[in-house]
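Take any residue in the sequence shown, note its place counting from 1, add 222, and you have its number in my numbering.
Just so you know, even glycine gets a beta-carbon here, dropped at the ideal spot from N, CA and C.
Model, not experiment: these values are computed from the prediction.
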Amino acid sequence: MDPRLRAVYLVAVAVGVFFLRDPAAVGAVAAAQAVLFVAVGLGARALVRQLRKLALFLGVIFVAYALVGTGEAGQTWRTVAGLRWSVPGAALGLGMVLRIAAVVLASQVARAGDPRALAAGLGKLGVPRMAALAIDTTLALLGDGGGRGQGRGAGRGQGRGGGRGQGHGGGDAAGAPPPESTDAPARGIGARVRDFWAALGRLGRGDMTRLVSRIDAQIDRAADYIVAHTGEADRGRARDVAVIAGMALTMLSVKVLKLLPGLPFAPGHKGVVLIPLYFVAARLTRARFGATWTGLTMGAVAFLMGDGRYGVFEIFKHVAPGLLADVLVPVVPRNAGRAAWAAVGAVTALGRFATVTAIALCVQPPAVVYALLVPGLIVHGTFGVLSSIVTAPLLRAIDARSSTRGNPRCAPDCHDTPTDNRDETDSTEAA
């Protein structure tokens with residue numbers, strides 16, 4: 223089969239479930255992918271193994287949505303097993319879970335018979351090889367072990383090729399309402415703000431060991447997959463793809479698993495954690511546009527999972543901060559403090575907001591967009607500045623780890639090389 227048809231099939235499934243809002247319809251698509259999974263020769267046992275690997279990941283997503291709710295006033299809450307559950311939040315979480323399951327199974331169907339076919343198909347459709355490999359790797363590892371909730375549950379990662387999933391995902395139930403009243407609305411704004419600052423304070427005080435360990439584990443899983451399944455001969459590119467895919471997986475856990483308590487009045491608050499991860503990608507990759515590729519991978523996979531309101535245009539809001547990170551991070555001294563990173567974070571956040579605004583102008587009445595322009599600038603700029611609370615200690619921890627651990631592995635016997643060979647890597651990409 224032409225590899226391009228495999229890539230088109232995956233995109234068609236992802237776009238199809240994006241437009242489906244009824245969980246029953248999305249479930250039917252997911253069930254169809256399960257049937258095809260067996261029909262193309264992957265086998266019923268492999269299907270069961272894949273679903274087992276996804277179970278913890280998808281379960282945490284569902285619980286996070288159900289406990290936190292949608293953030294809308296007047297939503298219905300029910301008490302089950304002593305916990306408060308949002309009915310619309312559970313429905314939203316179920317739709318997300320089924321959407322992810324459908325896309326993950328479709329990616330396996332598209333890869334059946336030739337693990338390299340999906341990346342090859344994306345490449346033949348014009349996607350740069352760096353991005354094609356990273357998207358393929360991220361989809362292959364999505365939900366494949368490698369994460370456990372911060373609360374209960376232990377889930378050892380079972381990434382292919384011996385990857386060690388030691389990440390700490392974690393649904394945050396901080397946004398659930400108090401258990402006294404059966405139909406109480408979501409927690410008040412004041413409580414959510416206090417929860418947000420408490421979570422941010424824990425990050426800022428900053429033992430970054432857990433976050434750095436999660437980043438390392440995701441990069442190692444990606445590296446193992448690349449060595450075992452892609453046949454990529456260029457070690458420099460393989461290493462960068464491992465970093466890009468690993469960072470994208472880490473970002474997806476932040477975005478999907480609600481690691482920070484929700485602030486319904488302040489979209490963009492996850493930038494406090496996401497923006498520093500773009501800076502880490504720019505620091506760790508040797509390719510000139512490593513953070514940009516990370517944003518493209520993150521955006522493409524998030525789109526395939528049905529994320530966002532603007533369809534494929536959502537990808538650009540993830541690419542923009544990556545591009546700004548690639549431009550700004552190299553000029554910031556390695557020993558820079560929070561003040562410098564606050565400025566860089568603000569510029570990155572405002573660049574992302576400008577991209578979102580441009581997309582919104584294309585699909586919404588201008589009056590609606592302009593009405594939200596000034597509040598949006600203030601909110602995104604503020605969270606961009608606050609991202610420095612995470613950026614400074616995180617980059618110090620990454621640098622300290624690099625000095626003792628070395629660079630993430632990219633292939634057997636892959637030795638570290640100087641970090642100023644970006645031009646050489648880029649010329650290889652072009653080839």
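Could you pull the DSSP bridge partners for residue i from this structure?
| i | result |
| --- | --- |
| R306 | T301 |
Given this structure, state the Cα-to-Cα distance separating residue i from residue j, to the nearest angstrom.
| i | j | result |
| --- | --- | --- |
| M527 | L572 | 25 Å |
| R623 | G343 | 36 Å |
| A328 | G348 | 21 Å |
| G484 | L361 | At G484 the pLDDT is 46, less than 50, meaning the model places this residue with poor confidence; the figure from the coordinates comes in the next sentence. So the alpha carbons of these two residues sit roughly 26 Å apart. |
| P274 | R443 | Correcting the residue identity first, residue 274 is Arg in this sequence and not Pro. If I take the Cα positions, the gap works out to 18 Å. |
| A656 | G512 | As shown, the chain starts at 223 and ends at 653. That puts residue 656 outside it, with no answer to give. |
| L608 | A564 | 7 Å |
| I322 | R556 | 38 Å |
| A324 | G603 | 36 Å |
| V569 | T507 | 21 Å |
| L232 | A332 | 7 Å |
| T519 | I466 | 8 Å |
| R228 | H540 | 25 Å |
| L499 | R436 | 12 Å |
| L289 | F259 | 32 Å |
| T298 | W307 | 8 Å |
| P597 | H491 | 13 Å |
| A261 | A334 | 10 Å |
| L482 | Q440 | Reliability fails at L482, whose pLDDT of 46 lies under 50, so the model's placement of it is uncertain and the value that follows must be treated cautiously. Between L482 and Q440, the C-alpha separation is close to 20 Å. |
| A354 | A247 | 29 Å |
| A266 | L314 | 29 Å |
| G458 | F501 | 19 Å |
| R226 | A445 | 25 Å |
| Q255 | A268 | 13 Å |
| Y447 | G249 | 29 Å |
| P350 | A303 | 49 Å |
| I537 | V523 | 9 Å |
| V612 | Q272 | 34 Å |
| M430 | V270 | 35 Å |
| Q330 | G521 | 20 Å |
Can you round the beta-carbon distance between residue i and residue j to whole angstroms, since I take them to be within the 8 Å contact cut?
| i | j | result |
| --- | --- | --- |
| L599 | F575 | 7 Å |
| A503 | A547 | 7 Å |
| L278 | V326 | 14 Å between Cβ atoms; not a contact. |
| G493 | G606 | 6 Å |
| L496 | M469 | Not quite, the Cβ-Cβ distance comes to about 10 Å (not below 8 Å), so this is no contact. |
| A356 | W515 | 6 Å |
| Y338 | G453 | The amino acid at residue 338 is misidentified as Tyr; the sequence shows Arg. Sure, about 6 Å apart at Cβ, within 8 Å. |
| G317 | G291 | The Cβ separation is near 14 Å, so there is no contact. |
| G238 | V251 | 7 Å |
| V566 | V554 | 6 Å |
| V309 | L280 | Contact doesn't hold; Cβ gap of about 19 Å is too wide. |
| L433 | L616 | 7 Å |
| G559 | A614 | 6 Å |
| M352 | A509 | 7 Å |
Are there 16 or more other CB atoms within 10 angstroms of the CB of residue i, so buried, or fewer, so exposed?
| i | result |
| --- | --- |
| K346 | exposed |
| V235 | buried |
| V463 | buried |
| F525 | buried |
| M223 | exposed |
| F241 | exposed |
| D358 | buried |
| D621 | exposed |
| D244 | exposed |
| T301 | exposed |
| A286 | buried |
| V711 | Residue numbering for the chain in the displayed model covers 223 to 653; residue 711 lies beyond these limits and cannot be assessed. |
| V282 | buried |
| A295 | exposed |
| L305 | exposed |
| G263 | exposed |
| D438 | buried |
| V257 | exposed |
| L471 | buried |
| V476 | buried |
When the cut-off is 9 Å and only beta carbons count, does residue i lie next to chain C?
| i | result |
| --- | --- |
| A288 | Looking for chain C here will not work: only one protein chain is present. |
Residue i: beta carbon under 8 Å from a heavy atom of the ligand ATP?
| i | result |
| --- | --- |
| G291 | The ligand ATP is absent from the structure shown, which contains no ligand whatsoever. |
Q: Return the chain-ordered ranges of every alpha helix (DSSP H) run that is complete within the stretch 251-306 and spans a minimum of 4 residues.
A: 266-290
Q) Quick one: complete alpha helix (DSSP H) runs, 4+ long, within the stretch 486-515? A) 493-506
**Q.** Runs of alpha helix (DSSP H) lying entirely within the stretch 528-585, each at least 4 residues, in chain order
**A.** The stretch 528-585 contains these whole alpha helix (DSSP H) runs: 536-550, 560-585.
Q) Whole beta strand (DSSP E) runs in the stretch 422-471 with 3 or more residues, listed along the chain? A) Taken in chain order, no unbroken stretch of beta strand (DSSP E) lies wholly in the stretch 422-471 with a span of 3 residues or more.
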